[in-house]
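The C-terminal position of the sequence shown is numbered 252 in full-length UniProt numbering, with every residue numbered one higher than the one before it.
By construction, the Cβ of each residue, glycine as well, lies at the ideal position given by its N, Cα and C atoms.
It should be emphasised that the depicted structure is a prediction, and the values quoted were computed from it without experimental measurement.
Below you'll find the structure, written out as structure tokens, and then a few comments.
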Amino acid sequence: MPGFWDPRRQPEKPDVTRVPVQIRFVTTEDYPPFSFRGEDGRPAGFNIDLARAICSELAITCSLEVVPFEALTEALAGGKADAAIAGLAISPASREAVDFSDRYFRSPARFVARKADVLPAVTPDLVASKTVGVVAGTAHEAYLRDFFAEAAIRSYPTPEEARAALLRREVDLVFGDGVQLAFWLNGSSSEACCAFAGGPFTESLYFGEGMGIAVRRGDDALRQSLNYALAQIWENGAYVDLYLRWFPIGVY
């Protein structure tokens, strides 16, 4: 179970009178398992449940609206929303448009191999004789070319094509997003062929700082309240319950 909070850091309990009477969240519907439409047509997913847990912890009423991903920051800037919880990556570029809560999730990069060929560890030396599939133009490809340059790297247009190449034995390994790979491993399309190989890779320079809840620039009262709620949710075990519900195969 990964931990995304420093146990030595205890945010002070906020004065909730300084935040909106109702927190208006915006999210998307095309990023399972974080946010999507459930069978009943209502928003569902890890982000949705986390937003509800935050509001419960702060004892504040909240609303949730689904918008296109490209409209998230515009909704904040235009005053149509107070916070965006939609898998937004914390980065120097995104910090120019919005402020972020503390990180609440980080998707690592992982290697996957066929079960019969899983390596005891993943190092540049052990992978040097292998063929590795990866999605072209991604941070995962850049990382491979910088740190696993002696491997035979094959680039594919989409994650689906890279994984299909592993099924066809065109490559020995696939390197990509840990969440996507975990759900593929747990689904029928993988044909129970494969497993994670080696540990997670989380270098921020390539894979970002993780996900945060975005708020308008300068809205410190709301940002600090969100940080307090996230820390409390972690401390009381609610975060672990949500994580295990939505990520049944350990991403890490």
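| query | result |
| --- | --- |
| Distance check for Ala214 and Gly198, CA to CA, integer angstroms please. | 33 Å |
| Which of the three DSSP states is assigned to Tyr156 in this structure? | strand |
| Can you check which of these residues, Gln180, Ser204, Gly187, Ile153, is closest to Asp172 by C-alpha distance? | Ile153 |
| Identify which residue in Glu57, Gly87, Pro120, Asp102 has its Cα closest to the Cα of Asp30. | Gly87 |
| Cutting at 7 Å between CB atoms, please list the residues of its own chain near Arg103, excluding the five before and the five after it. | Phe4, Ile90, Glu209, Gly210, Met211, Gly212 |
| Let me make sure I understand the geometry here. Which of Ala113, Arg145, Val118 has the alpha-carbon closest to that of Arg163? | Ala113 |
| Buried or exposed: where does Gln10 fall if 16 or more other Cβ atoms within 10 Å of its Cβ makes it buried? | exposed |
| Output the boundary residues of the alpha helix (DSSP H) element that contains Thr73. | 72-77 |
| Could you tell me which residues DSSP pairs with Ser35 in its beta bridges? | Tyr31 |
| May I have the straight-line CA-CA distance separating Asp82 from Val67, to the nearest angstrom? | 13 Å |
| If we count the other Cβ atoms within 10 Å of its Cβ and call it buried at 16 or more, is Leu72 buried or exposed? | buried |
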